[in-house]
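Just below is one structure, and these are the notes that go with it.
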Amino acid sequence: MRSPTLQVVITTLALTSFVQAIPSFQGNYEQHPLLSQPSHSRSPWRIFSDNVIKKVWGIHDEVKSTSGRVGVSWDEPPLSTKSRHGLDLVLRFNITTAEEARKLAEVANYMYLDVWDHTSEWVDIRMAKDTLPHVLKQLPKSMQHSHTALLQEKELQQAIYDSYPSPRKATPLSPSSHGIFTPALQPNSPPRSAADNNIFFTDYQPLSVITPWMRLLSSLFTTHVRLVNIGLTYEGRDIPALRVGVHPTNDDTPKKKRKTVLITGGIHAREWISTSTVTYIAYSLITEYGKTPEITQLLEDFDWIFIPTINPDGYVFSWESDRLWRKNRQQTPLRFCFGVDLDRSFPFQWDSSTAGNPCSESYAGEAPLEGVEAKALRDWVRNETESNNVEFVGLLDLHSYSQQILYPYSYSCDAYPPSLENLEELAMGLSKAIRIQSGHSYINKQACEGNVAFGTDAAGKKDLGVRFESAGGSALDWFYHEVGIRYAYQIKLRDRGAYGFLLPKEHIVPTGREVLEAVLYFGRYVDGEFEGAEKGQAKGKGRTRSQSGW
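When the letters of the sequence shown are read in order and numbered with mature numbering (1 follows the signal peptide of the UniProt record, and there is no 0), they come out as residues -21 to -1, 1 to 529.
What follows is the structure in structure tokens.
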């Protein structure tokens, strides 16, 4: 009689041969001119050995995307994501001393806990319920009862389920259904409200809906919208973006540098509200051009680049397999830990502290720009500035959660940006615009403080604690310091922790409204700055691009 292991090997070999017989569809997708992608396909022996390891030793690979390049239509949340976190909970640990912060960070690091967010006063961590007693044993006595449950296991599972669109609305796009996703072309529609009643914003949308929606907008509003491709992801998907502006958006030979503002979302896959907010703002500017004087002026003075998700692979995976997935989906040196944190992958002050630890949620890779999508964005930005007469003057990088407006630098609290006073002034204006619109308060601070937990020392003096995630290599710092963007911000959207990354869909429109007001304020401020600069009355010195980051 054959041994069970031998039977598994023979069966696996047969399955491997079958898999190899499946044709590749790689040739059906256009290659981006700036990004020559190496083949990421595994060798037959690698496929065989991985399958043997999984079958014999019981190690399970991550569920692969079933979507091809864009995404699939589906009727309800996938079983894998409904069951994956069924016994997890999210706890908020209150921090009062620097020592508490250090110890909690140490435990979170070596136990591979998922740190959701943190401020100077608290840290939110997701963990399995049966892990909690082991975590508490490692913490100081002062922290044994200093935690509260934000989401119990059943609440977490329900929040995950509720974040997906209801089945009756999960309808694939078709020519007959375009009307439900496109604007009502009425010349007298109220300003800044076109998106509020649009069915597109009643739910979070998968990439399989977002990409055709973007294509549709570019075909409907040809005077001021163009669909562009930033590059290709690790799995070969396009990174779609909308370029919105009146002139010379659709002119291939601009006479002078075009001031451009970049608004991005979804660099972390699970932050769905950031992706929906980018689409809300894009839609509002596109449909209000020619109706609202302020928006019309901003589209004439600037080009606006909207990237709903810099991380399409991770975003699709968060829809199809794991709602709480954060990183991209590329292979790492440890074959069963996937993904690089793209917001730690940029070359300015890249932090090597997570190198060799691919299972970390903030794994930055083994070298700068190892994250495929980060490199694609870098290459696209370089091409725009060097070949297409683009001058990037603003960055709004949307994240969730905690309601904060963060400005450079992220990598260190000992480094101060040259235009700190201007950054602080504009940040205060952004938070005020949000507060006036919705009543919600957004805290302004240097981004480094968003990566460090604070406490008090023995004398009661404020003391820097420890980082809960690496802070170097951020997109924020790279765009500010290396690209030379004068006004660069990371905005962490709603909420303050009641739902965290699982913000109910009812908040999509309210969040979009308040951030739209901030974007309009941002445009007015930056437009005034450049108008003053042209008259020799600039408030502060401009930034110049450093070539070292290219």
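Built from N, CA and C at the ideal position, the CB exists for glycine as well. Nothing here was measured: the structure is a model prediction, and the numbers come from that model.
- For the pair L356 and P119, the Cα-to-Cα distance works out to about 43 Å.
- In this chain, F371 is not harboured by any alpha helix (DSSP H); it is covered by the beta strand (DSSP E) spanning 369 to 379.
- For R414, the uninterrupted alpha helix (DSSP H) segment begins and ends at 399 to 417.
- DSSP places V69 within a strand segment (E or B) once states are collapsed to three.
- Distance from the CA of F200 to the CA of I265, rounded to the nearest whole angstrom, comes to 8 Å.
- Between Y459 and Y388, the C-beta spacing is below 9 Å.
- Counting only runs of 3+ residues, the beta strand (DSSP E) found wholly inside the stretch 204 to 248 occupies 204 to 211, 217 to 223, 237 to 243, in chain order.
- When secondary structure is reduced to three states using DSSP, Q469 falls in the strand class.
- A direct Cα-Cα distance of roughly 43 Å separates L402 from E55.
- Beta-bridge partners assigned by DSSP to I464: none are found.
- Proximity to L472 across R71, D96, L66, Y262 peaks at D96, based on C-alpha coordinates.
- As a beta-bridge residue in DSSP terms, H126 pairs with F72.
- Look at F325 here: in three-state DSSP terms it is coil, with no helix or strand label.
- If you look at K424, you'll find it in the beta strand (DSSP E) that goes 422 to 425.
- Taking the CA atoms as reference points, S339 sits about 32 Å from L399.
- The Cβ atoms of V257 and P219 lie no closer than 9 Å to each other.
- Between the stretch 73 to 84 and the stretch 129 to 139, the count of C-beta pairs closer than 8 Å stays below three; the two stretches do not touch.
- Where H113 is concerned, there is no enclosing beta strand (DSSP E), although the alpha helix (DSSP H) around it starts and stops at 111 to 117.
- It is roughly 21 Å from the alpha-carbon of I487 to the alpha-carbon of L374.
- Under the 8 Å Cβ criterion, the stretch 170 to 187 does not count as touching the stretch 325 to 342, having fewer than three qualifying pairs.
- For D103, the enclosing beta strand (DSSP E) starts and ends at 101 to 107.
- Per DSSP, L135 lies in no beta strand (DSSP E) segment; the continuous alpha helix (DSSP H) that holds it begins and ends at 132 to 142.
- By the neighbour-count criterion, in which a residue is buried when 16 or more other Cβ atoms sit within 10 angstroms of its Cβ, S59 is exposed.
- For Y386, the three-state secondary structure derived from DSSP is strand.
- In its chain, beyond the 5 residues on either side, D456, W457, H460, E461, G528 have a beta carbon closer than 6 Å to the beta carbon of F327.
- Around the beta-carbon of L348, 16 or more other beta-carbon atoms lie within 10 Å, marking it buried.
- Rounded to whole angstroms, the Cβ separation of G224 and N290 is 25 Å, and the two are not in contact under 8 Å.
- For W283, the enclosing beta strand (DSSP E) stretches over residues 282 to 286.
- Excluding five sequence positions before and after Y421, the CB atoms of its chain that fall closer than 7 Å to its own CB belong to Q382, Q383, I384, S410, I413, given in chain order.
- A distance of 9 Å or more separates the beta carbons of V351 and N423.
- For the pair I252 and E508, the Cα-to-Cα distance works out to about 30 Å.
- It is roughly 15 Å from the alpha-carbon of D109 to the alpha-carbon of D93.
- In the same chain as V494, and ignoring 5 residues on each side of it, the C-beta atoms closer than 8 Å to its own belong to T256, Y259, I260, L377, I413, I470, L472, in chain order.
- The C-beta distance from V372 to V505 rounds to 6 Å, short enough to meet the 8 Å contact threshold.
- Looking at the DSSP output, V94 bridges to I104.
- Here H113 is exposed: its Cβ has fewer than 16 other Cβ atoms, across all protein chains shown, within 10 Å.
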